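One structure below.
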Ligand code: GTP
Ligand code: MG
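Residue numbers (the working numbering): 178 to 400.
Here it is as structure tokens:
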């Protein structure tokens with residue numbers, strides 16, 4: 178959301194500057210993986226963007242890097258059909274592996290295809306040793322849905338650290354933004370692997386982007 182910089186701690190201010198520099202640096206598309214063999218960048222700390230089809234994963238990644246066409250976005254749900262790997266930053270200084278994941282919860286492609294994606298997604302989320310955080314994107318207009326809860330439970334069980342990022346908040350009026358944030362924050366409280374802070378964003382208006390970059394920088398710093 179639009180920030181009140183007077184309220185952030187010096188650590189958070191540092192992380193935001195760190196995040197700004199990290200995402201302003203080099204940013205390279207490496208590969209789209211359809212399977213889990215020979216995945217790149219397994220030596221770098223990694224963050225992944227997961228969420229239902231059309232929630233805005235690719236758009237958020239573009240907003241973070243300030244590059245409009247880095248990750249392909251679309252009005253057609255199911256646009257991203259592979260695990261897309263990007264290297265952000267400079268390995269000599271600070272770098273992060275970023276993965277744009279195929280969306281889940283989209284019914285219009287064939288059942289077999291959905292099943293294959295979910296299987297790939299789950300094996301990746303459970304079995305990637307350098308995966309440090311999954312940003313689970315949730316449409317702020319809808320809140321956490323059953324398919325999100327299913328992924329969250331799987332991450333809890335696999336002890337994979339994750340954080341909820343509400344998207345498309347420009348589509349809500351201010352009081353609605355506040356209530357969905359409070360409600361979502363409440364819903365994640367009991368989840369063991371979930372970060373207690375929920376981030377509210379709009380890729381369109383560039384709201385909350387600094388906060389997500391800061392989280393990325395913290396992950397990159399912690400190695
Ligand atoms: P899949 O790859 O199909 O899973 O979709 P995705 O989650 O990557 O979504 P994508 O970024 O392609 O965005 C889907 C649609 O939502 C596009 O039409 C975007 O322009 C729109 N969109 C994404 N973020 C925002 C936002 O913050 N605000 C608004 N108003 N629209 C957005
Ligand atoms: Mg996408």
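Glycine is no exception: its CB is placed at the ideal position from the N, C-alpha and C atoms. Predicted, not measured: the structure shown is a model, and the values here were computed from it.
For residue 340, the uninterrupted beta strand (DSSP E) run begins and ends at 339 to 344, by DSSP. Excluding sequence positions up to five before and after residue 210, its CB lies within less than 7 Å of the CB of 216, 259, 260 and 262, all in the same chain and listed in chain order.
Taking the Cβ of residue 211 as the reference point, every heavy atom of ligand 1 lies at 7 Å or farther away. Membership of residue 305 in any alpha helix (DSSP H) is not indicated, and neither H nor E is assigned to it by DSSP.
Under a 10 Å Cβ-count criterion, residue 374 is classified as exposed, with fewer than 16 other Cβ atoms of the shown protein chains found around its own Cβ. Of the residues assessed, residue 192 falls on the buried side of the cut-off, its CB having 16 or more other CB atoms within 10 angstroms. DSSP lists 379 as the beta-bridge partner residues of residue 384. The DSSP-derived three-state label of residue 237 is helix. Distances taken from the Cβ of residue 248 to the heavy atoms of ligand 2 include one shorter than 7 Å. Where residue 265 is concerned, the enclosing beta strand (DSSP E) starts and stops at 260 to 266. Annotation: the continuous beta strand (DSSP E) that includes residue 223 extends over 223 to 228. Going by C-alpha positions, residue 221 is about 7 Å away from residue 400. The residues 333, in chain order, have a CB closer than 7 Å to that of residue 369 in the same chain once the five nearest residues on each side in sequence are set aside.
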